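In what follows, a structure is listed as structure tokens, so that the remarks can point back to it.
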Amino acid sequence: MKIKSILKSNTKALIVNDDIDKALKIMDELNLNGMPVVDENNTLVGMVVKADIYRFMITPGHYENCPVDWVMSNSVILAQANEDVEVVAKRLRKNDIISMPVVENDKLLGIVTIEDLLDYYMDLE
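Numbering (the numbering used here), first residue to last: 1286 to 1410.
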């Protein structure tokens, strides 16, 4: 089965120019630890996690209205939409992460999480 068939359809993403205060507010409201970051064309450009924002905020005086691209990771572990579920599951485990963005032609389609994979494998029984 292809990973795109088990994606969450209501994935939220930040726009590269969104500020870190907005990012934290959205993550708190949605109970998320991180979010994908896209450009104006919905092309994945990075990931931002709360821990990176908090580390950045430790240095006083320079975070007000800073865009998320100041703190996001540009090196993103991701999945291609047509990859097999098992391949993606192994990549999550190998990299010790709990979720990853899924793209098709560099456009963000959604996020796959460990919970999505557990649900998939439990439904196989």
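We put the beta carbon where it would ideally sit given N, CA and C, even for glycine. As the structure is a prediction and not an experimental result, all values here were calculated from the model.
Three-state class that DSSP yields for residue i in the structure shown
i	result
M1368	One detail in the question is off: residue 1368 reads as Glu in this sequence, not Met. If DSSP states are grouped into helix, strand and coil, E1368 belongs with coil.
V1361	coil
E1400	helix
E1325	coil
D1391	coil
K1287	strand
D1304	strand
L1299	strand
L1377	helix
L1315	helix
L1409	coil
Spatial neighbours of residue i in its chain, beta-carbon cut-off 6 Å, leaving aside the 5 residues before and after
i	result
L1402	A1374
N1380	I1362
Cutoff 7 Å; reference residue i; Cβ partners in own chain excluding five residues on either side
i	result
L1394	K1289, L1292, A1366, V1387, V1388
I1382	I1362
Sub-9 Å separation of residue i and residue j beta-carbons
i	j	result
A1364	V1323	no
N1318	P1352	no
I1362	M1385	yes
K1287	E1400	no
Cβ shell of residue i (< 8 Å), same chain only, five flanking positions each side left out
i	result
T1328	D1391, K1392, L1393
V1330	V1301, V1322, V1323, D1324, D1354, M1357, N1359
D1304	N1350, C1351, P1352, V1353
For residue i, the residue or residues it bridges with in DSSP
i	result
M1320	V1333
M1385	V1397
P1352	D1304
Residue i beta carbon near the ligand COA (any heavy atom closer than 8 Å)
i	result
Y1406	Absence of the ligand COA is noted for the structure shown, with no ligands found whatsoever.
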